[in-house]
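Input: a single structure, listed below in structure tokens.
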Amino acid sequence: MDTFIGHIKTPQDALIIFEACRRGQLNRVQRRLSSKERVHITSGSVFAWDEREAGVRRWTDGRTWSPSRVLGSFLTYRELNTKHRRRHLSISSSISSSSSSSSSLSSSSSSLNKANHASQYPRSSAGCSYKPNGLIKQSFSICTVNNQKIHLISYYTKADVASGRLMQPSHHPQLSKISIPKGYYPELNP
1 MDTFIGHIKT PQDALIIFEA CRRGQLNRVQ RRLSSKERVH ITSGSVFAWD EREAGVRRWT
61 DGRTWSPSRV LGSFLTYREL NTKHRRRHLS ISSSISSSSS SSSSLSSSSS SLNKANHASQ
121 YPRSSAGCSY KPNGLIKQSF SICTVNNQKI HLISYYTKAD VASGRLMQPS HHPQLSKISI
181 PKGYYPELNP
């Protein structure tokens, strides 16, 4: 199911994966993942596909993500804590529907509780909380010299990257030997 298990740190790592797929050393995704397959996405899962071949333009994994952030050549997303968000919405509804005659003490208490709760769960710009130890997803797309649109999605946790548990393709014994042909990926390798 996965194309590779590891960490895509640089555009060069992504190109190595694409080139290994082109040479038949790794397998590209041929179709959208089923809901049973999506459950097995973990830190280190990397998926590469050809848009026309797989019939997939947009990747779906059944998880809830933050808005994208540009990080170098990648779009990066953080997994959101959907349970906390539902709870936060119901707490907000309760607070806003409470009567205006609440005492200043309960108002201060409510503000303190909200502040403590917010510090436990860092917020995204959309006001949602990130899932503690949640996945980070990064996306990378490029066109080949033949106008082939290829995509890569990778998942990881900060802890797995920091511990060195996930190997980059550029450090992999077989994949690190792959040379990227000049001009085949003109956006990055003229």
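Each residue of the sequence shown is one higher than the one before, counting from 1 in UniProt numbering. Glycine included, each C-beta is placed from N, C-alpha and C at the ideal position.
query                                                                                                                           : result
As assigned by DSSP and simplified to three states, the class of D61                                                            : coil
Inter-stretch contact at 8 Å, needing at least 3 Cβ pairs: the stretch 156–170 / the stretch 48–59                              : no
Per-residue DSSP class, three states only, for T76                                                                              : strand
Buried or exposed (CB count within 10 angstroms, at least 16 for buried), A159                                                  : exposed
Coarse secondary structure for V21, derived from DSSP in three states                                                           : Checking the displayed sequence, the identity of residue 21 turns out to be Cys instead of Val. It is helical.
Residue of V56, G44, C128 minimising C-alpha distance to S66                                                                    : C128
Backbone secondary structure at H151 - three-state DSSP                                                                         : strand
Contact belief for S14 with Q30 at Cβ below 8 Å, rounded distance in angstroms                                                  : Reading the sequence as shown, one finds Ala at residue 14 and not Ser. Their Cβ separation, rounded to whole angstroms, is 19 Å, which puts A14 and Q30 out of contact at 8 Å.
Backbone CA spacing between Y155 and V70 [nearest angstrom]                                                                     : 16 Å
Counted within 10 angstroms of its Cβ, other Cβ atoms place P181 as buried (16 or more) or exposed                              : exposed
Buried or exposed (CB count within 10 angstroms, at least 16 for buried), H7                                                    : buried
For K83 and S73, the rounded distance between their alpha carbons                                                               : 31 Å
Where E187 falls, given that 16 or more other Cβ within 10 Å makes a residue buried                                             : exposed
Beta-carbon spacing of L135, S43 below 8 Å                                                                                      : yes
Cut-off 7 Å between Cβ atoms - residues of its own chain near residue 262, not counting five sequence neighbours on either side : It is not possible to answer for residue 262, since the shown part of the chain is limited to 1 through 190.
K1 to E37 span [Cα, whole Å]                                                                                                    : For clarity, residue 1 is Met in the given sequence; the question names Lys instead. Cα-Cα distance, rounded: 8 Å.
Under the three-state DSSP convention, the category K131 falls into                                                             : coil
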